[in-house]
Each structure stands twice: as C-alpha cells, then as structure tokens.
Amino acid sequence: MNDKLDPISSPASVSSDLNERLAGESDSTSRASMQPAPSVATEAAPEIALDQLRGADQLVIRTLNNTYTFLVNDPVKRNGLLSGGVIGNDPVQAVLVAAPAKHGHRLRAGGKACFYVTSGADLKRVTTSVITHLIHRRAGRSDS
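Laid out in structure tokens, this is it:
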C-alpha cells in the first residue's frame, strides 16, 4: 500500500520556522533567539511512546515507500511540522496519531503512522505505509 495524501501547500512562515529550528541544531545557536540550541540525543528505536514526546523533538519515520520528518511543537497535543513523503519538502502543520489503535499511544516499526494535516480550512488524513525504521532525536529540555 502506498502512502496517501492529496497534494497541499503550506504557508511560507511554517517553512521558515522549521528551517530556523533545524539551523539551530547544525550550528548550535538558534537564529530565532540567538540562544544555544538544546542538546539533542539521537536514538534508533523499535517504538516511540507518543506520551513521552518533548517540544522540539524530531521523529524520522522511514516507511516502505518514503521518509517523513516530524518536528514536535506541542507534545501534549502531538502537534508539529511534517515534511517528506507524500507531503514534499515544504513542512505542514500536522497532528500525529499511531495506527492501528491497538498499539495505544506508541509509534512502532511494523505499524503505520497517521497524521491529520491542515490545508486551509480543510483537515486531511495521511496514513503512511508500513514503518520500517524510527529515529527519535530528543531535545535536551522539556517544554511540556
């Protein structure tokens, strides 16, 4: 099964925000705040507990067909910026849900990820193909 979504575009501000956050990781200083970027621990994981996410955590989700990147903005609501796969390179606002529901609040290799993506006034669901690999880049501080 292929990943599914009708093409959508995102506001330039979303793309700019993501670029500023990612730039902070590479040069250790966030351009938006000029404060040192939080330390980042990267770990490959067979599963990720969604209730343990922190603000600024980054998830890399590799599927049979694509690779997605999700940058957590609000860990309680599981809201963040999604790019890659059928979304393309321009990040969009999305909410992450693990699928199927029997996995509870965990994203697992062998399962699928479901994202609810905003497109103007519309809400679209994106379901990935089977997840083959997960990487959790954990931010060094908790924003929740």
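Residue numbers (our numbering): 1472 to 1615. Glycine included, every Cβ here is placed at the ideal spot set by N, Cα and C.
- In this structure V1601 is exposed. Its beta-carbon is surrounded by fewer than 16 other beta-carbon atoms within 10 angstroms.
- In this structure V1566 is in contact with N1550, their Cβ atoms being roughly 5 Å apart against a cut-off of 8 Å.
- By the criterion of a C-beta distance shorter than 8 Å, T1538 is surrounded in its chain by V1531, I1532, G1555 and G1556, once the five residues flanking it on both sides are discounted.
- Between T1534 and R1608, the beta carbon gap of about 18 Å keeps them out of contact (Cβ cut-off 8 Å).
- Here the alpha carbons of D1593 and P1517 stand approximately 33 Å from one another.
- For N1544, the uninterrupted beta strand (DSSP E) segment begins and ends at T1538 to D1545.
- Note on geometry: alpha-carbon atoms of R1525 and N1560 lie some 23 Å from one another.
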